[in-house]
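Worksheet for the structure shown next.
In my numbering, the protein residues as written are 999 to 1505.
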């Protein structure tokens, strides 16, 4: 071997720390086990696959605990050039906790939904796809090179397409899956082109090396690097459902099984935003003057279009409750974009990113809780209209109080203190970064959102029309409601814990 080739060969040798990659690996292993077990389990006992999947997601989340003692990295190059493909730092662990916790709650909702579906949904395939998507979503925040990042993004997304359209003979479900697929494939194509341009101009895929080399690109390649940065950001903007790339959200949420809509609203959003954070703050900090203003404009457009769309929902329209939650999630995406945009202006980018992570944790808990109540009401009112929630307090007081609490958290009103705290944190990030105009837009949108959240909340306590529908709460739904309710109440009692827990550790 030549003297030149030997150092190159040595640098290609990568270390593997199995404990570091255990959380996403465990989810992937359980996914394969469920798929194989489905071949041998009789139809009468398919429900056991759901509980195995729930246990697998819980075990994956518990495997995060041994990683809390410090930052760990694996799949690292050796030699003079040190770079890693997988890093389990504070940012990674918080997002993985959010992803695996969100997938666990979606799995609990799915157990009841699959039982009610009367075999219209193939259970083995459903659980395999859900676990596979969760494994990819857990891998993404740990990715520290562009190749691993895009692979993780697709492992999280591809099973989600199938999950949206998995109901046999359902036209809405098929149309929703097609819209979701086409928009996501477009995003991937744009991202891949951008990443190829970045690689061509820098000669590396590792995020930290990209950040160093992209500042010193030759003049002939400067335009190529700029184009690569812009295309990469546009691709991730698709994934976050930022306006004008949001058009797939309402129809996809309505057409998908309700637990999958809940999963996409939380885990799908976490995937998009964690990827966007990694490419902006870690890979392209020298282009903050480009992505900072662009994301600020996207944030303003996204929150405005999302909240206006939710405001326009007719309470008597079929699936209006799910549509309102879908448009609301677009509006919430706008709030989540604010601190990332602020990181392009702020001296302390880590603090700004911490605000996004803190808001995402709050949003995940209460939005999954709202979807859990929607799943409960949908068991007796299949059209799931907002008017179907009228008089819910008379039929099921505890469920009505929980939904009211979740909606008030999303609105940022007491007793949903954690929602108010999260919004103030995001607002402060915008003000500290000198984005006063964006803070004003956010304040106006919070007022718009108050109207439709309070309108729905008030409907819960009005006198029911006719005999109130009794909602029997199955054990998995009870567990999901209890977990989200306890988490929301606990965080409202000590909201400062959210920001402390969300310290990103990216720098």
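Note that the Cβ used here is the ideal one computed from N, Cα and C, for glycine as well.
Could you please give the first and the last residue of the uninterrupted alpha helix (DSSP H) stretch that includes residue i?
i, result
"residue 1391", "1390–1393"
"residue 1230", "1220–1237"
"residue 1085", "Looking at the DSSP string, residue 1085 is not in any alpha helix (DSSP H); the run it does join, the beta strand (DSSP E), is 1082–1086."
"residue 1482", "1473–1491"
"residue 1451", "1434–1458"
"residue 1304", "1286–1309"
"residue 1028", "1020–1035"
"residue 1151", "1144–1162"
"residue 1208", "1205–1211"
"residue 1387", "First-last for residue 1387: undefined, no H or E at that position."
"residue 1321", "1318–1341"
"residue 1177", "1169–1200"
"residue 1250", "1247–1253"
Using 8 Å for Cβ pairs, my map puts residue i next to residue j. What's the rounded Cβ distance?
i, j, result
"residue 1279", "residue 1351", "6 Å"
"residue 1105", "residue 1128", "6 Å"
"residue 1485", "residue 1257", "That pair is no contact at about 18 Å."
"residue 1188", "residue 1196", "Residue 1188 to residue 1196, Cβ: 13 Å. No contact."
"residue 1233", "residue 1192", "6 Å"
"residue 1273", "residue 1190", "With a Cβ gap of about 13 Å, residue 1273 and residue 1190 do not count as contacting."
"residue 1212", "residue 1198", "Not quite, the Cβ-Cβ distance comes to about 12 Å (not below 8 Å), so this is no contact."
Which value, in whole angstroms, describes the spacing of the CA atoms of residue i and residue j?
i, j, result
"residue 1428", "residue 1330", "15 Å"
"residue 1243", "residue 1299", "11 Å"
"residue 1313", "residue 1364", "21 Å"
"residue 1381", "residue 1301", "27 Å"
"residue 1409", "residue 1327", "12 Å"
"residue 1203", "residue 1407", "40 Å"
"residue 1260", "residue 1433", "32 Å"
"residue 1017", "residue 1237", "29 Å"
"residue 1210", "residue 1229", "19 Å"
"residue 1297", "residue 1043", "47 Å"
"residue 1405", "residue 1040", "41 Å"
"residue 1290", "residue 1403", "34 Å"
"residue 1318", "residue 1397", "19 Å"
"residue 1475", "residue 1109", "8 Å"
"residue 1368", "residue 1206", "39 Å"
"residue 1094", "residue 1445", "32 Å"
"residue 1510", "residue 1375", "This structure cannot speak to residue 1510, because the chain is shown only from 999 to 1505."
"residue 1275", "residue 1338", "7 Å"
"residue 1283", "residue 1200", "15 Å"
"residue 1287", "residue 1343", "8 Å"
"residue 1182", "residue 1461", "44 Å"
"residue 1389", "residue 1453", "13 Å"
"residue 1383", "residue 1373", "12 Å"
"residue 1325", "residue 1033", "34 Å"
"residue 1493", "residue 1066", "21 Å"
"residue 1295", "residue 1358", "20 Å"
For residue i, which residues in the same chain have their Cβ closer than 6 Å to its Cβ, ignoring the five residues on either side in sequence?
i, result
"residue 966", "The first residue shown for the chain is 999 and the last is 1505, placing residue 966 beyond what the model contains."
"residue 1131", "1154, 1157 and 1158"
"residue 1322", "1308 and 1311"
"residue 1004", "Annotation note: pLDDT 43 at residue 1004 (below 50); position unreliable, coordinate value reported separately. Taken in chain order, the list of residues that qualify is empty."
"residue 1507", "As shown, the chain starts at 999 and ends at 1505. That puts residue 1507 outside it, with no answer to give."
As a quick exercise: from the options, pick the residue whose alpha carbon is nearest that of residue i.
i, options, result
"residue 1061", "1376, 1197, 1019 and 1291", "1019"
"residue 1391", "1345, 1323 and 1463", "1463"
"residue 1097", "1178, 1136, 1084 and 1122", "1136"
"residue 1068", "1324, 1193 and 1087", "1087"
"residue 1255", "1143, 1398 and 1320", "1320"
"residue 1164", "1125, 1148 and 1196", "1125"
"residue 1082", "1371, 1142, 1361 and 1056", "1142"
"residue 1185", "1149, 1161, 1167 and 1235", "1235"
"residue 1481", "1442, 1415, 1493 and 1371", "1371"
"residue 1451", "1152, 1085 and 1414", "1414"
"residue 1440", "1425, 1448 and 1454", "1425"
"residue 1456", "1387, 1447 and 1345", "1387"
"residue 1100", "1442, 1421, 1490 and 1366", "1366"
"residue 1152", "1162, 1172 and 1179", "1179"
"residue 1527", "1221, 1065, 1333 and 1231", "What the structure shows of the chain is the stretch from 999 to 1505, and residue 1527 is not part of that stretch, so it cannot be assessed."
"residue 1448", "1418, 1223 and 1379", "1418"
"residue 1379", "1436, 1412, 1470 and 1359", "1470"
"residue 1306", "1443, 1063 and 1491", "1443"
Along the beta strand (DSSP E) that carries residue i, what are the first and last residues, could you check?
i, result
"residue 1072", "1070–1074"
For residue i, I'd like the list of residues in its chain whose CB is within less than 8 Å of its CB, leaving aside the five on either flank, ordered along the chain.
i, result
"residue 1113", "1045 and 1472"
"residue 1035", "1047, 1050 and 1122"
Sorted by chain position, which residues of the same chain lie with C-beta nearer than 7 Å to residue i's C-beta, five sequence neighbours on each side aside?
i, result
"residue 1015", "1070 and 1072"
"residue 1177", "1246, 1249 and 1250"
"residue 1285", "1227"
"residue 1170", "1252 and 1253"
"residue 1080", "1074"
"residue 1090", "1139 and 1140"
"residue 1336", "1297, 1424, 1427, 1428, 1436 and 1440"
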